[in-house]
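Peer 1:
Chains as they are written, first to last, in the numbering used here: chain A, 1006 to 1306; chain B, 701 to 1117.
#1: Out of A:1297, A:1062, A:1246 and A:1287, which one is the CA nearest neighbour of residue 1273 of chain A?
#2: Which whole-angstrom value is the C-beta distance of residue 806 of chain B and residue 816 of chain B, which I expect to be below 8 Å?
#3: According to DSSP, is residue 1308 of chain A helix, strand or coil?
#4: Helix, strand or coil for residue 896 of chain B per DSSP?
#5: List the residues of chain A whose Cβ lies closer than 7 Å to the Cβ of residue 927 of chain B, in chain order.
#6: Taking the C-alpha atoms as reference points, what is the distance between residue 996 of chain B and residue 1031 of chain A?
#7: Taking Cβ to Cβ, would you say residue 1087 of chain A is nearer than 9 Å to residue 1094 of chain B?
#8: Who are the Cβ neighbours of residue 1156 of chain A in its own chain at under 6 Å, not counting the five residues just before and after it?
#9: Which first and last residues belong to the beta strand (DSSP E) in which residue 1082 of chain A is found?
#10: Expressed to the nearest angstrom, what Euclidean distance is found between the alpha-carbon atoms of residue 1200 of chain A and residue 727 of chain B?
#11: Taking the straight line between their C-alpha atoms, what separation do you get for residue 972 of chain B and residue 758 of chain B?
#12: Kindly indicate the opening and closing residues of the beta strand (DSSP E) around residue 800 of chain B.
#13: When you compare only the Cα positions, how much space is there between residue 743 of chain B and residue 1012 of chain B?
#14: With 9 Å set as the bound, which would you pick, yes or no: does the beta-carbon of residue 933 of chain B sit closer than that to a beta-carbon of chain A?
#15: Does the beta carbon of residue 1046 of chain A come closer than 9 Å to any beta carbon on chain B?
#16: List, in order along the chain, the chain A residues whose C-beta lies closer than 7 Å to that of residue 710 of chain B?
#17: Sorted by chain position, which residues of the same chain lie with C-beta nearer than 6 Å to residue 1052 of chain B's C-beta, five sequence neighbours on each side aside?
#18: So, using beta-carbon positions, are residue 842 of chain B and residue 960 of chain B closer together than 9 Å?
#19: Quick one: residues in its chain with C-beta nearer than 6 Å to the C-beta of residue 1248 of chain A, no 5 flanking neighbours on either side, listed in chain order?
#20: Would you mind giving the Cβ-Cβ distance between residue 1150 of chain A and residue 1099 of chain A, rounded to the nearest angstrom? I have them listed as a contact below 8 Å.
#21: Using CA coordinates, which residue listed in A:1039, A:1142, A:1012 and A:1018 is at the minimum distance from residue 1192 of chain A?
#22: Please name the residues in the stretch 1263-1275 of chain A whose beta-carbon is closer than 9 Å to at least one beta-carbon of chain B, in chain order.
#23: For residue 701 of chain B, count neighbouring Cβ atoms within 10 angstroms of its own Cβ and tell me buried if that reaches 16, exposed if not.
#24: Would the stretch 1017-1027 of chain A and the stretch 1170-1190 of chain A be scored as touching if the rule is three or more Cβ pairs under 8 Å?
#25: DSSP state of residue 974 of chain B, grouped into three classes?
#26: Going by the CB atoms, is the gap between residue 1196 of chain A and residue 1148 of chain A shorter than 9 Å?
#27: Count the other CB atoms, across all protein chains shown, that sit within 10 Å of the CB of residue 1280 of chain A; report buried if there are 16 or more and exposed otherwise.
#28: Residues in the stretch 1046-1059 of chain B with C-beta within 7 Å of chain A's C-beta atoms, listed in sequence order?
#29: Does DSSP put residue 1112 of chain A in a helix, a strand or coil?
#30: My output table needs one value for residue 1220 of chain A: the three-state DSSP class, helix, strand or coil.
#31: Looking at chain B, which residues of the stretch 1141-1175 of chain A have a Cβ within less than 7 Å of any of its Cβ atoms?
#32: Does the beta carbon of residue 1093 of chain A sit closer than 9 Å to a beta carbon anywhere in chain B?
#33: If contacts are defined as beta-carbon pairs under 8 Å, then residue 1059 of chain B and residue 1035 of chain B qualify, I think. What distance do you get, rounded to the angstrom?
#34: If you run the structure through DSSP and keep just helix, strand and coil, what is residue 1075 of chain A?
#35: So, for residue 720 of chain B: in the same chain, excluding its five sequence neighbours on each side, which residues have a beta-carbon less than 6 Å away from its beta-carbon?
#36: Could you check if residue 1012 of chain A is buried or exposed, using at least 16 other CB atoms within 10 Å of its CB as the buried criterion?
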């Protein structure tokens, strides 16, 4: 598959401090990619380098198959983390302006702006000034501005922050439509359930360094053998090889120590003659992986 | 190149649209014509309700000596109406066909006394027991003329009585009269001073809001979205040109309303005068005004680009306003010695040059070559600063969240692309 965005080994240094350290990633057309990391980990800096807003000290960025940056940027949609629109301008005027900046003619920009406003349910607000809109509405307007020109690559920095669940659902629906259209989507977030719902592949960075990179399912699979979930009335008095036990939603969840195998947990139940309703090897949630990986990286330092 | 121009055009159109639709801008732009129209309306209203709105009434003259000839009916702006008897004069006064009547008795040559007949006292008549100064002067002129009319040609006599007016002619270095009269000179100086003040005003309002707008876009990150579509140079140039154009529209409305409305006011105010203006100099003044605005706006945009917050941009605006004020402070010195060293030095410092040159041009203190050189310095500085502002802008983004100090700015100018 063709690659829409390729970042190779980029490094960014501010005042002697390395904020992005040899990070690489590639995003294909028709793929949704999650850029994960705690606050200040270098996600936004990586995005800004991808968009040529800032330049890396080393490494390279290739947009839309190596097209010249200015030309390629006209086919990129971007929603920054900190939202800002001209407060005293009308919604439709701002969208037409953003469309024009992406090389659209005025009539097409206006038609697409109307279409997008209808899609996000803000058509009747088209002639209102931005200052009259709520924060969530302003965010949807800016989201519309990022997609107005039907970009091939969509980069969203914390797109769901501050939105109510209905608008989050709406935004996700629109992103799925964009993906179906063949656009590559990259978004950064702290909300792991959103990533699990939308993304095929992820990059987890911390302090500018890559911790995990790859297919989400494979990453979870690789760590999944360490937890077992058992649904039963009670648990055996002693469980060898278990480092942590949790009781959640009527099930016991065991985190196994090094060398312990999942069937040893089941054997312990059988040996204790405790009836087992349900037994499964639990894949860790992305949230667990995130916490574990970031904590481990911080402990190492 | 074409792409950059297209980007600039888009930014220019949007910024101009947004700036000129602001309430503050519209109010300021319409302030001058509105004030002038209100002034004209007040004057017209006052004149409409004033009892003295008719043409000035003539002065009645009753000459009781048969030996006297009649002088001209019009003298010193007054119209005289002659009556043969005192009663005729009184009748005309009571009918209101004359303002007042002066009766010249038979023994006037011996006594020199003239009887002044007048009607209702005005509010201020108690302060002065005689006729008004203008009427007195006119009647005295009438009497002098009448006394001598038999011996002299009436036109010569009228001139002798009224006297001469003086017209100034300045001789240039080539020994020929300079084609400019005193009124033109005064008019040009006034125009230059007005443009100097307008420049200050434009910079304080327009250029300052430009710096603020750039800083605001950086603060709310709209700039990130813009920079994924246009180059920093296109963004800067588009903004500077748009807000400059908006200022020019404002000034055109002001100057236009003055040119159209003030003569109308002058028509209805007795004694109002006109200021003829040297058009050639006006073009120079306008050129320096535009160049001055350009260089100041670019610096303001650069300040906005370097600042991390709107407040910081506003605080740094004094860097532009201060030199401008300095050249206004030394205005007196430039006027008294327009060819002096101070005037010349100020004419080549980009921020003081526009106002210094506008004043020097008005008082003939600068040659054409010097004016061109000064203009070139201002424009070249503006262009260089525009380039530098775009780089500082890029640099401030590179160092997002950090304050730009001089060392970083210099480094950024060297490195940022």
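The beta-carbon is built from N, C-alpha and C at its ideal position, and this holds for glycine as well. Quantities reported herein were computed from a predicted structural model and do not represent experimental measurements.
Peer 2: Put simply:
#1: Residue numbering aside, residue 1273 of chain A sits at position 268 when the first chain is read from its first letter. Comparing Cα positions, the closest option is A:1246.
#2: For the purposes of this step, residue 806 of chain B is identified with residue 106 of the second chain, where counting begins at 1. For the purposes of this step, residue 816 of chain B is identified with residue 116 of the second chain, where counting begins at 1. Contact flag wrong, Cβ pair sits at about 17 Å.
#3: A query on residue 1308 of chain A cannot be resolved here, the shown segment of chain A reaching from 1006 to 1306 and no further.
#4: As a working note, residue 896 of chain B is residue 196 in the second chain. Three-state result, residue 896 of chain B: helix.
#5: Your numbering for residue 927 of chain B matches position 227 in the second chain. Here the neighbours are 1058.
#6: Against the second chain, residue 996 of chain B aligns to sequence position 296. Against the first chain, residue 1031 of chain A aligns to sequence position 26. About 45 Å.
#7: Residue 1087 of chain A sits at position 82 when you count from the first residue of the first chain. Residue 1094 of chain B sits at position 394 when you count from the first residue of the second chain. Taking 9 Å as the Cβ cut-off, residue 1087 of chain A and residue 1094 of chain B do not qualify as a contacting pair.
#8: Here residue 1156 of chain A corresponds to residue number 151 of the first chain, with the count starting at 1. Cβ neighbours of residue 1156 of chain A beyond the five flanking positions: 1080, 1081 and 1082.
#9: For the purposes of this step, residue 1082 of chain A is identified with residue 77 of the first chain, where counting begins at 1. First-last of the beta strand (DSSP E) with residue 1082 of chain A: 1081-1084.
#10: In the first chain, counting from the first residue as 1, residue 1200 of chain A sits at position 195. In the second chain, counting from the first residue as 1, residue 727 of chain B sits at position 27. Looking at the two C-alpha atoms, the distance is approximately 51 Å.
#11: Looking up residue 972 of chain B in the second chain gives position 272. Looking up residue 758 of chain B in the second chain gives position 58. Note that residue 972 of chain B scores 47 on pLDDT, short of 50, meaning its location in the model is unreliable; the coordinates nonetheless yield the value given after this. Going by the C-alpha atoms only, they are around 22 Å apart.
#12: The count along the second chain starts at 1 and reaches residue 800 of chain B at position 100. Run containing residue 800 of chain B: 800-804, per the beta strand (DSSP E) assignment.
#13: Start at 1 with the first residue of the second chain, and residue 743 of chain B comes out as number 43. Start at 1 with the first residue of the second chain, and residue 1012 of chain B comes out as number 312. The straight-line gap from Cα to Cα measures roughly 47 Å.
#14: To locate residue 933 of chain B, count along the second chain from 1; it is residue 233. Not one chain A Cβ lies under 9 Å of residue 933 of chain B.
#15: Taking the first chain and counting its residues from 1, the one referred to as residue 1046 of chain A is at position 41. By this cut-off, residue 1046 of chain A is not an interface position.
#16: As a first step, residue 710 of chain B must be located in the second chain, where it is residue number 10. Ordered by position in chain A, the residues that pass the 7 Å Cβ test against residue 710 of chain B are 1105 and 1106.
#17: By one-based count along the second chain, residue 1052 of chain B stands at place 352. Answer for residue 1052 of chain B: 1023, 1027 and 1046, listed in chain order.
#18: Your numbering for residue 842 of chain B matches position 142 in the second chain. Your numbering for residue 960 of chain B matches position 260 in the second chain. Not in contact: residue 842 of chain B and residue 960 of chain B (Cβ atoms no closer than 9 Å).
#19: For the purposes of this step, residue 1248 of chain A is taken as the residue at position 243 of the first chain. So the list reads 1260 and 1262, once near-sequence residues are dropped.
#20: For the purposes of this step, residue 1150 of chain A is taken as residue 145 along the first chain, with counting starting at 1. For the purposes of this step, residue 1099 of chain A is taken as residue 94 along the first chain, with counting starting at 1. With a Cβ gap of about 7 Å, residue 1150 of chain A and residue 1099 of chain A count as contacting.
#21: Start at 1 with the first residue of the first chain, and residue 1192 of chain A comes out as number 187. Cα-wise, what sits closest to residue 1192 of chain A is A:1039.
#22: none
#23: Here residue 701 of chain B refers to the residue found at position 1 when the second chain is read from its first residue. Under this definition residue 701 of chain B is an exposed residue.
#24: no
#25: Against the second chain, residue 974 of chain B aligns to sequence position 274. Note that residue 974 of chain B scores a pLDDT of 46, beneath 50, so its modelled location is shaky; the value from the coordinates is reported in the next line. Coil, per DSSP.
#26: Translated into the one-based positions of the first chain, residue 1148 of chain A becomes position 143. Translated into the one-based positions of the first chain, residue 1196 of chain A becomes position 191. Against a cut-off of 9 Å, the Cβ pair of residue 1196 of chain A and residue 1148 of chain A comes out as no contact.
#27: Start at 1 with the first residue of the first chain, and residue 1280 of chain A comes out as number 275. Label assigned to residue 1280 of chain A: exposed.
#28: none
#29: The residue labelled residue 1112 of chain A in the question sits at position 107 within the first chain. Of the three classes helix, strand and coil, the one that applies to residue 1112 of chain A here is helix, per DSSP.
#30: Counting from 1 along the first chain, the entry for residue 1220 of chain A is found at position 215. In this structure, residue 1220 of chain A counts as strand in the three-state DSSP scheme.
#31: none
#32: Stepping through the first chain from its first residue, residue 1093 of chain A is reached at position 88. Output row for residue 1093 of chain A: interface = yes.
#33: The residue given as residue 1059 of chain B occupies position 359 in the second chain. The residue given as residue 1035 of chain B occupies position 335 in the second chain. Their Cβ separation, rounded to whole angstroms, is 6 Å, which keeps residue 1059 of chain B and residue 1035 of chain B in contact under 8 Å.
#34: Within the first chain, residue 1075 of chain A is the residue found at index 70, counting from 1. Three-state DSSP puts residue 1075 of chain A in a helix.
#35: The count along the second chain starts at 1 and reaches residue 720 of chain B at position 20. Here the set comprises 946.
#36: As a working note, residue 1012 of chain A is residue 7 in the first chain. Buried, because 16 or more other Cβ atoms sit within 10 Å of the Cβ of residue 1012 of chain A.
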